[in-house]
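**Student:** Protein chains in written order, with my numbering: chain Y, 1011 to 1383; chain W, -12 to 376.
1. Where does residue 1216(Y) fall in DSSP's three states?
2. How many angstroms separate the CA atom of residue 1107(Y) from the CA atom of residue 1130(Y)?
3. Helix, strand or coil: how does DSSP classify residue 7(W) here?
4. Mind pulling the chain W residues with CB within less than 8 Å of residue 1324(Y)?
5. By the 10 Å Cβ neighbour count, where 16 or more other Cβ atoms means buried, how is residue 109(W) classified, buried or exposed?
6. Select from the segment 39 to 62 of chain W all residues with a C-beta closer than 9 Å to any C-beta belonging to chain Y, and list them in chain order.
7. Which chain Y residues sit within Cβ distance under 9 Å of residue 143(W)?
8. Could you check whether the Cβ of residue 1032(Y) sits closer than 8 Å to any Cβ belonging to chain W?
9. Is there a Cβ of chain W sitting closer than 8 Å to that of residue 1169(Y), yes or no?
10. Starting from residue 1174(Y), trace the beta strand (DSSP E) both ways and give me its first and last residue.
11. Where residue 348(W) and residue 271(W) are concerned, what is the direct C-alpha to C-alpha distance, given to the nearest angstrom?
12. Shorter than 8 Å from the beta carbon of residue 1064(Y) to some beta carbon of chain W?
13. Select from 1272(Y), 1164(Y), 1104(Y) and 1140(Y) the residue whose C-alpha is nearest the C-alpha of residue 1288(Y).
14. Residues bridged to residue 245(W) by DSSP?
15. Between which two residues does the beta strand (DSSP E) holding residue 144(W) run?
16. Is there a Cβ of chain W sitting closer than 8 Å to that of residue 1283(Y), yes or no?
17. Going by other Cβ atoms of all chains shown within 10 Å of its Cβ, with 16 needed for buried, is residue 49(W) buried or exposed?
18. Would residue 1254(Y) be called buried (16 or more neighbouring beta carbons within 10 Å of its own) or exposed?
19. Would you kindly check if the distance between the Cβ of residue 1173(Y) and the Cβ of residue 1187(Y) is under 8 Å?
20. Is residue 1209(Y) close to chain W? Criterion is C-beta to C-beta, closer than 8 Å.
21. Please classify residue 163(W) as buried or exposed, where buried requires at least 16 neighbouring CB atoms within 10 angstroms.
22. What residues in the segment 315 to 345 of chain W have a beta carbon less than 7 Å from any beta carbon of chain Y?
23. Taking buried to mean at least 16 other C-beta atoms within 10 Å of its own C-beta, is residue 1355(Y) buried or exposed?
24. Tell me, please, whether the CB atom of residue 183(W) is closer than 8 Å to any CB atom in chain Y?
25. Out of 1334(Y), 1298(Y), 1362(Y) and 1286(Y), point me to the one whose CA is closest to residue 1166(Y)'s CA.
26. List, in order along the chain, the chain Y residues whose C-beta lies closer than 7 Å to that of residue 104(W)?
27. Pairs of beta-carbons, one from the segment 1099 to 1115 of chain Y and one from the segment 1245 to 1260 of chain Y, closer than 8 Å: are there three or more?
28. How would you write the range of the beta strand (DSSP E) that residue 135(W) sits in, first residue to last?
29. Using 8 Å as the threshold, is the C-beta distance between residue 62(W) and residue 333(W) below it?
30. Return no unless some Cβ of chain Y is closer than 8 Å to the Cβ of residue 70(W).
31. For residue 1152(Y), which residues of its own chain have a beta-carbon under 8 Å away from its beta-carbon, when the five flanking residues on both sides are left out?
32. Leaving out five residues on either side along the sequence, give the residues of the same chain with a beta carbon under 6 Å from the beta carbon of residue 54(W).
33. Below 8 Å between beta carbons: does that hold for residue 1269(Y) and residue 1206(Y)?
34. Considering only their Cβ atoms, is the gap separating residue 200(W) from residue 226(W) smaller than 8 Å?
35. For residue 320(W), which residues in the same chain have their Cβ closer than 8 Å to its Cβ, ignoring the five residues on either side in sequence?
36. Taking the alpha-carbon of residue 1263(Y) as reference, which of 1082(Y), 1039(Y) and 1042(Y) has the nearest alpha-carbon?
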């Protein structure tokens, strides 16, 4: 970028950026840490039962997915419907990596770490490969291609067979591996991964969320992040001042894919079995719902939405037969309430009334991505 | 105008929610465990595409629980079914919910993939599990406390291969299966290896990837071209009905062979049941059986739920009775912890416990791997009924 700004405006810009960054980071990290402490206390005192405790790791995974998808949907302004595909790549490569290193690392945490790193690398590669040809596309076209990508990954996993025997890793395509017993199987086509050693923990999940937040928030508030947002807000204007559109779009896409891969790896290490069907279109849409419900571009809004919508179906179990009906109704009501300008205005008035730290002229603008591209 | 419309929507939705909430509060007698009873729980798909199976299991098990409670003044049971939407993650959540409520024995879960995930949790928490219908081999692997009441998928594949080889030695067999479904591909794998080990050859193998698939013309054409006169369909009844309808339109009339997933095809709305005439299927239970016990069960089920029971309901009914009998034999009851019951039942099931007089098999025994041993039954559909062969 050419240095055409006077030092004065540069300083101002930096200050403005820092203020927004500080507030957003404070709220986001704060939610994670307070959430962790409260849930830990609840579990220790016995207020929180098996049911909610069992959801600690999935909550962290979905929160992390919501943050990483927000990078593409909110900050980069592209609609992606294939997030579950990257999650699947991370989950299955992570499971294979964890199984292969079973003899090397005795500690479950080390294997989890290896799984997460491998998952991130492979998901990033997948993001890069898919990103290069498609990022020339815009809007709906990109959505369709990412949707197709997610389905391709799932169908590919359906015919993939991996096993580990004394000779090392074996794999086959579209048929079972002969001469392998049950304990040597890693991935068996549509059955998916079985006999996975559970290594994920709540702490690991929290670290995952913090790391994802760290990457996304820092990227958003860096020179590259401003480049990504400039491209989102006005592609032509961005190009005219020398911003490399493809580079910045690809950067957001690949980073988001890698983070989704990490989340997928933790998810894969949390269950004894994982079938490819889990990563179907519905999961991609579910993550997109978190992002939309939390406010596109609003990182901590997406985090809260992800946590609430993960717990909600479980909290509604007391409604028995009416559970999914109630879930759908709650979702509709929340969507209407959060997106109706009148109701929003009333809410922010209420919040302003009770907010003791209210500053004059501080408008509650929480959305970053309002572009219509 | 728009403002009013929004108000109407919000008010209407709030009313619906209120109704839904009060509606649930009333019927609490059958939900939730009761103190002083043996708390049996299950998780299964009560909503979603596989809901038919979960609801059948819930109804069948509840019927057995009510019967036992009415007949046995000493030993009482209570039963709770939680929804898992046929999803492993939700199923683990459902299992944890049941644990929160104090479940002592798990009569589930209903479907294979979720059951595999739950089996690991049940193993870690030492809760005994006897699944009515999760037939995959992964369910009983890696644990000592999860047992199956249904045939495992591999055993179904082997049974069909043996039956065809013995009774139709000259058949040219084609297969259409769902390679994205572990139930279907699990049966097919074993069928293929068993059938080929007998020196036979499958003339055509065709796959599809989704039960919602509606067009099977390509698969049927290649089976027809290969000269297959018997089609083995290790799939659920919805795609099977499409296959039969489309084959009929093509003028292709092979003999069909199905497995337990085919159960329910006669009750499918909009399906011409004449097309299913002559279909052979391996199923442990048929509601049209002449057997006295089965007749009594079907009558009671129809009275309670207004429909004919499918195999899953009978499996669940058997599970509750098998657990009840095993608990009596092992000498454990409501006062024992889940872990004590688990240890006692493992000993009983491995120690030659025999469940006599079930709906889905006269005499069932289990091996230490958790697989059931019972005689497979092959039925033929004649005149809109299953006739045992």
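Backbone N, C-alpha and C define an ideal beta-carbon position, used for all residues, glycine too.
**Tutor:** With the given structure in hand:
1. Note: residue 1216(Y) maps to helix in three-state DSSP.
2. Straight-line Cα distance between these residues: approximately 12 Å.
3. The pLDDT assigned to residue 7(W) is 43, lower than 50, so where the model puts this residue is not dependable; a value taken from the coordinates is nonetheless given after this. Helix.
4. The contacting residues are 80 and 84.
5. Buried, because 16 or more other Cβ atoms sit within 10 Å of the Cβ of residue 109(W).
6. From the segment 39 to 62 of chain W, no residue has a Cβ closer than 9 Å to chain Y.
7. By Cβ distance, chain Y contributes nothing, its closest Cβ being about 15 Å from residue 143(W), past 9 Å.
8. No, because no Cβ of chain W sits closer than 8 Å to the Cβ of residue 1032(Y).
9. Yes, contact with chain W.
10. 1170 to 1175 is the span of the beta strand (DSSP E), which, as asked, contains residue 1174(Y).
11. Linking residue 348(W) to residue 271(W) through their CA atoms gives a straight-line distance of about 7 Å.
12. Yes, residue 1064(Y) lies at the interface with chain W (some Cβ there is under 8 Å from its Cβ).
13. Closest by alpha carbon: 1164(Y).
14. Partner(s): 220(W) and 268(W).
15. Boundaries for residue 144(W): no beta strand (DSSP E) harbours it, while the alpha helix (DSSP H) harbouring it runs 140 to 154, taken from the DSSP string.
16. Interface residue, yes.
17. That one is buried.
18. Classification of residue 1254(Y): exposed, given that the 10 Å Cβ count is below 16.
19. Judged by their CB atoms, residue 1187(Y) and residue 1173(Y) are nearer to each other than the 8 Å cut-off.
20. So no, residue 1209(Y) is outside the interface.
21. With 16 or more other Cβ atoms within 10 Å, it is buried.
22. The segment 315 to 345 of chain W vs chain Y, Cβ under 7 Å: nothing.
23. Residue 1355(Y) should be labelled exposed.
24. No Cβ of chain Y is located within less than 8 Å of the beta carbon of residue 183(W).
25. It is 1286(Y) whose Cα lies nearest to the Cα of residue 1166(Y).
26. 1281, 1282 and 1283, listed in chain order.
27. Result no; under three Cβ-Cβ pairs closer than 8 Å.
28. Its beta strand (DSSP E) spans residues 133 to 135.
29. Cβ atoms of residue 62(W) and residue 333(W): not closer than 8 Å.
30. Cβ-Cβ to chain Y under 8 Å: yes for residue 70(W).
31. If we look at residue 1152(Y) and ignore the five residues flanking it on each side, its Cβ neighbours are 1088, 1089, 1090, 1144 and 1145.
32. Nothing listed; no residue qualifies.
33. No, the Cβ-Cβ distance between residue 1269(Y) and residue 1206(Y) is not below 8 Å.
34. When the beta-carbon positions are compared, residue 226(W) and residue 200(W) come within less than 8 Å of each other.
35. Taken in chain order, the residues that qualify are 25, 62 and 314.
36. The option with the nearest alpha carbon to residue 1263(Y) is 1082(Y).
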